[in-house]
Structures are given as structure tokens and as C-alpha cells.
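A short worksheet on the structure shown next.
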Amino acid sequence: SGRTSHVYRGHTGPVTAVEIVYATARDAGEGEDPVVEGLFTASWDKTIRRWDVQSRACVQVLTGHTDFVKCLLLSGPTLYSGSSDRSIRAWDAASGRTAATATWAGEHTRGIEALAAVVAAGAPPAAPGGDGDGVDHDGWALLSASSDGSVRRWDQRGRCRAVWSAHLTSVYAVVWAAAADTGDCDDPDEVWTASADMTVRRWNFKTGESDVSLAHPDFVKCVAVLPGGLLVTGGRDENLRVWDVA
13 SGRTSHVYRG HTGPVTAVEI VYATARDAGE GEDPVVEGLF TASWDKTIRR WDVQSRACVQ
73 VLTGHTDFVK CLLLSGPTLY SGSSDRSIRA WDAASGRTAA TATWAGEHTR GIEALAAVVA
133 AGAPPAAPGG DGDGVDHDGW ALLSASSDGS VRRWDQRGRC RAVWSAHLTS VYAVVWAAAA
193 DTGDCDDPDE VWTASADMTV RRWNFKTGES DVSLAHPDFV KCVAVLPGGL LVTGGRDENL
253 RVWDVA
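Heads up: the sequence shown begins at 13 in this note's numbering, then just goes up one per residue.
What follows is the structure in C-alpha cells.
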């Protein structure tokens with residue numbers, strides 16, 4: 013119907029990100045559609061809130077960031093948050109407590125705008141602080157996009173393993189193509205980013221090299237991968253563009 017069914021109130025600043033918490037397959041029932049059991053939201057009020065979708069009440073407030081919380085990523089048992097305080101924090105999604113190797117900082121020189129996880133085929137999302145040292149061994153890595161113009165790759169211990177720096181200014185979005193779950197991604201190493209330098213770039217995850225740059229007339233704020241080799245971008249010029257990138 014397009015009608016508002018409920019308003020979740022509690023944040024004292026603009027809400028910047030939402031992550032959906034799904035019930036486990038055991039709780040939902042094998043073969044059934046995913047069941048939404050909660051929400052995480054981020055805000056300029058420097059907090060993250062968890063909401064129960066049944067009672068629609070805020071059940072937890074996560075604090076620790078010292079500036080706006082700009083982005084969230086739920087990967088396996090861990091919630092990751094990026095902030096204008098230039099740090100990434102890792103939280104145990106079930107308890108809301110900070111996870112091992114909780115704060116990843118000291119690399120980006122400006123705020124974190126977006127996060128993405130890269131998971132190799134057959135590998136479960138890793139919990140931070142494990143014994144492995146990155147995607148080559150554990151099949152998992154975190155990508156962070158920043159207003160410092162860089163994209164950084166992190167291993168599960170919170171160590172920066174690579175810096176991608178072809179963009180000239182703020183990077184607003186980072187998307188792993190295979191995460192779109194289109195079923196026909198030809199290259200599992202394909203990553204896309206959108207930037208205020210008026211371009212969208214394609215990167216090779218393993219090499220960190222950018223081989224495609226799509227020019228726009230203004231800032232590019234978001235990018236999405238669609239089936240059939242299509243890419244959708246949106247920007248400050250108030251237009252959506254669909255690209256054939258097959």
C-alpha cells in the first residue's frame with residue numbers, strides 16, 4: 013500500500029544506515045523465507061540502536077564512536093560500524109558488546125563512508141580476532157571507503173592489508189559485485205566504488221587495480237550491481253544511470 017506501518021523513535025540525530033537481522037535457518041525453519049527479527053540503525057547522534065521488530069522497541073544502544081556513525085555492515089556474527097571519527101568498530105551482533113580487535117583506526121585520515129565484506133566461495137564470514145590473516149587464508153576481508161579518497165582492505169584482525177587510491181576525493185560507496193547474489197557474476201574479484209570525483213570505478217580485489225572508470229557530470233553517491241552485466245548509479249545530478257558493463 014506504501015503506507016507507513018510504524019515509526020521507530022529514539023535517535024536524536026539523522027539516521028544514516030540500517031542493517032536487517034534475520035533469524036537463523038533453524039529458527040525460521042528449513043526451506044522457509046528469511047524471518048526478520050531485528051534492526052540495527054546508525055545515527056549522527058554517535059550511537060547504534062538495536063530494535064525488536066515484534067515489540068518495535070529499542071532493546072539496546074551501542075556507544076563508543078566519538079562522531080557521526082555513517083555506515084553499518086552485518087557479516088556473520090559481527091556488526092561493523094564506520095564513523096566520522098575515522099574508525100571502524102566491531103561488535104558482537106548477539107550481545108552488542110565490542111568484539112575482539114574492536115577498534116580499527118589509525119589508517120584513514122577522514123571519516124568512513126561505506127563498508128563491504130568480500131567472502132570467498134564456501135568460506136563463512138570470519139569473526140574478528142581469529143588466527144587467520146586475511147582473505148587468502150580465511151576467505152573474508154573488509155573494505156572501507158572514506159572521504160579521504162581511499163578504499164582500504166582489512167583482515168579479520170583489523171590490520172590494513174592494502175590501500176586503493178585511484179579516486180581523487182571522497183568515496184561514498186563500495187560494493188562487492190558477487191554480494192548482489194545475481195547468480196551470474198563472472199568475476200568474484202569485482203568491486204565497484206562511487207566517488208565525489210564524479211566517477212564510478214571497477215577494481216580487481218586481488219590486485220587492487222582499477223581497470224574501468226565511468227564518468228558522471230556530478231558527485232556519484234551510490235552504485236548497485238544488477239543481473240545481466242548491468243550497473244546502476246545515482247548522484248547529485250538527480251539522475252539514475254544504467255550501464256552495460258558486461
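No residue lacks a Cβ here, since even glycine has one placed at the ideal position from N, Cα and C. Since this is a predicted model, take the numbers as computed values, not measurements.
Asked, Found
"Is it the case that the Cβ atoms of Asp230 and Asp249 are separated by a distance below 8 Å?", "yes"
"For Ala190, which of helix, strand or coil comes out of DSSP?", "helix"
"Do you know how far the Cα of Ile60 is from the Cα of Arg21?", "13 Å"
"Helix, strand or coil, according to DSSP, for Ala114 in the structure here?", "strand"
"Would Val186 and Ala126 be called neighbours here (beta carbons separated by less than 8 Å)?", "yes"
"Measuring only the C-alpha atoms, how far is His23 from Arg101?", "19 Å"
"To the nearest angstrom, how far is it from the Cα of Pro200 to the Cα of Val131?", "9 Å"
"Identify the continuous beta strand (DSSP E) that holds Tyr92 and give its terminal residues.", "Thr90 to Ser95"
"Output needed for Gly25: all residues of its chain with C-beta closer than 6 Å, excluding positions within five of it in sequence on either side, in chain order.", "Ser55, Trp56 and Asp57"
"Check each candidate in Gln66, Glu119, Arg68 and Val30 and name the one with the smallest Cα separation from Val81.", "Val30"
"Let me know the secondary structure DSSP gives Gly76 once reduced to three states.", "coil"
"Do you know whose CA, among Ala191, Ala128 and Ala190, lies nearest Arg164's CA?", "Ala128"
"If you follow the beta strand (DSSP E) that Glu202 is in, where does it begin and where does it stop?", "Glu202 to Ser207"
"Below 8 Å between beta carbons: does that hold for His179 and Ser159?", "no"
"Tell me whether His77 is buried or exposed, calling it buried when 16 or more other Cβ atoms sit within 10 Å of its Cβ.", "buried"
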